[in-house]
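Novice: Numbering (our numbering), first residue to last: 1 to 315.
Beta carbons are placed, not taken as given, at the ideal position from N, Cα and C, and that holds for glycine.
Below is the structure I would like to discuss, written out as structure tokens.
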């Protein structure tokens with residue numbers, strides 16, 4: 001399963017808008033086939049791995065990061081491919097959360113005499129985490145919302161006399177995050193103050209530039225390439241999901257952040273902390289009615305800064 005997770009991680013986003021799934025076929029303690037979901041609605045990871053294994057798949061165990069599908073979509077059911085190959089055991093990293101999919105893949109395999117098992121613990125979390133955007137999209141019909149903010153040690157989002165709060169390494173990572181997101185958004189307050197472009201610059205963009213959105217009432221500045229979304233936030237997110245947006249990187253100021261948090265529309269927080277004390281300016285969020293707890297909090301160094309990452313809602 002570690003190898004299946006690694007395979008999916010190396011190709012994450014390749015199969016978008018479908019989930020990127022890694023699969024490994026093991027027989028007599030040896031990996032005899034492996035694969036990952038192809039782009040352009042191509043073969044699923046299980047099928048790629050089974051075809052690589054060939055006849056050695058008979059009697060083998062298959063480790064896959066998502067429950068094999070049991071329905072006809074852009075490809076035939078993976079359960080049928082597994083049964084045709086004659087595998088003896090299937091270990092899935094997570095259940096398929098899609099409520100639109102009828103019939104359980106693991107149940108179909110079990111009924112056919114295949115031994116089935118679900119991963120648990122940290123490996124199961126890593127499988128869910130890899131597909132957190134897709135999971136949110138199919139279960140809640142809205143994008144996964146990640147709030148990204150840069151602050152000083154005293155929790156301020158501005159430093160007098162300086163344009164940037166954080167260092168160059170953190171700013172480059174933000175462009176990587178943009179390139180990996182379906183959409184990037186700010187509020188109209190940020191637009192009026194900074195008129196940002198919100199594009200990903202200086203990094204590879206294999207999926208093209210993200211949709212760039214401003215929440216709030218216009219007008220937008222002349223020449224702005226942002227897309228104005230003036231309606232209630234929950235309805236706008238539902239509309240974006242219907243347009244295929246699975247992930248939204250929120251880069252707005254404290255007011256927009258508070259609005260999203262108050263409506264319980266933030267899933268993940270990324271807080272870049274700079275080794276500075278501002279002494280003045282706006283804080284992280286502009287007032288909240290209550291406390292918000294974070295799960296799976298992690299910290300890592302990004303150049304001279306520290307990145308704190310945690311979940312409001314675990315995947």
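Would you kindly work out how many angstroms separate the C-alpha atoms of residue 10 and residue 279, rounded to a whole number?
Specialist: 42 Å
Novice: Answer with buried or exposed for residue 305, where buried requires no fewer than 16 other C-beta atoms within 10 angstroms of its C-beta.
Specialist: buried
Novice: Is there contact between the segment 271-285 and the segment 192-206, where contact requires at least three CB pairs shorter than 8 Å?
Specialist: Output reads no: the segment 192-206 does not touch the segment 271-285.
Novice: Buried or exposed, going by whether 16 or more other CB atoms sit within 10 Å of the CB of residue 16?
Specialist: buried
Novice: Note the first and the last residue of the continuous alpha helix (DSSP H) segment covering residue 189.
Specialist: 188-194
Novice: Taking the alpha carbon of residue 231 as the point to measure from, which residue in 218, 222, 223 has its own alpha carbon closest?
Specialist: Nearest C-alpha to residue 231: 218.
Novice: Could you pull the DSSP bridge partners for residue 31 from this structure?
Specialist: 26
Novice: Taking the alpha-carbon positions, what's the residue 96 to residue 255 distance?
Specialist: 36 Å
Novice: Could you pull the DSSP bridge partners for residue 260 from this structure?
Specialist: Answer by DSSP bridge pairing: none, since residue 260 is not bridged.
Novice: Around the Cβ of residue 19, are there at least 16 other Cβ atoms within 10 angstroms (buried) or fewer (exposed)?
Specialist: buried
Novice: What do you get for residue 195, buried or exposed, if any count of 16 or more other CB atoms within 10 angstroms of its CB means buried?
Specialist: Exposed: under 16 other Cβ atoms inside 10 Å.
Novice: I need the DSSP call for residue 74, collapsed to helix, strand or coil.
Specialist: For residue 74, the three-state secondary structure derived from DSSP is coil.
Novice: On a CA-only basis, which of 267, 12, 62, 119 is nearest residue 34? Give me that one, please.
Specialist: Nearest of 267, 12, 62, 119 to residue 34, Cα basis: 62.
Novice: Can you give the Cα-Cα distance for residue 144 and residue 235, rounded to whole angstroms?
Specialist: 14 Å
Novice: To which residues of the same chain is residue 247 closer than 6 Å at the C-beta, ignoring the five residues directly before and after it?
Specialist: 133, 143, 144, 181, 182
Novice: Find the nearest neighbour of residue 291 within the set 226, 261, 160, 282, judged by alpha-carbon distance.
Specialist: 261
Novice: Between the C-alpha atoms of residue 267 and residue 56, what's the straight-line distance to the nearest angstrom?
Specialist: Taking the Cα positions, residue 267 is about 42 Å away from residue 56.
Novice: Does the Cβ of residue 297 have 16 or more other Cβ atoms within 10 Å, making it buried, or fewer, making it exposed?
Specialist: exposed
Novice: Measuring alpha carbon to alpha carbon, tell me which of 300, 307, 311, 302 ends up nearest residue 319.
Specialist: The shown model of the chain, from 1 to 315, leaves out residue 319, and the question about it has no answer.
Novice: Of all the options 265, 30, 303, which has the alpha carbon lying nearest to the alpha carbon of residue 238?
Specialist: For residue 238, the closest alpha carbon among the candidates 265, 30, 303 is that of 265.
Novice: By DSSP, does residue 309 sit in helix, in strand, or in coil?
Specialist: strand
Novice: If you reduce the DSSP assignment to three classes, tell me which class residue 162 lands in.
Specialist: For residue 162, the three-state secondary structure derived from DSSP is strand.
Novice: Does DSSP put residue 239 in a helix, a strand or coil?
Specialist: Residue 239 carries a helical assignment under DSSP once its states are collapsed to helix, strand and coil.
Novice: Below 8 Å on the Cβ atoms is my contact criterion, and I expect residue 252 with residue 190 to pass it. Report the Cβ-Cβ distance as a whole number of Å.
Specialist: Residue 190 and residue 252 do touch by the CB rule: their CB atoms are close to 5 Å apart, below 8 Å.
Novice: Using 8 Å as the threshold, is the segment 115-122 in touch with the segment 79-97, meaning 3 or more CB pairs across them?
Specialist: yes
Novice: Determine the direct distance from the alpha carbon of residue 80 to that of residue 72, and round the result to whole angstroms.
Specialist: 10 Å
Novice: With 16 other CB atoms within 10 Å as the buried threshold, where does residue 137 fall?
Specialist: buried
Novice: Alpha carbon to alpha carbon, what distance is there between residue 314 and residue 124?
Specialist: 12 Å
Novice: For residue 126 and residue 49, I'd like the C-alpha separation in whole angstroms.
Specialist: 20 Å
Novice: Any heavy atom of the ligand ADP within a distance shorter than 7 Å of the CB on residue 268?
Specialist: By its list of ligands, the structure shown contains no ligand whatsoever, and the ligand ADP lies outside what it can speak to.
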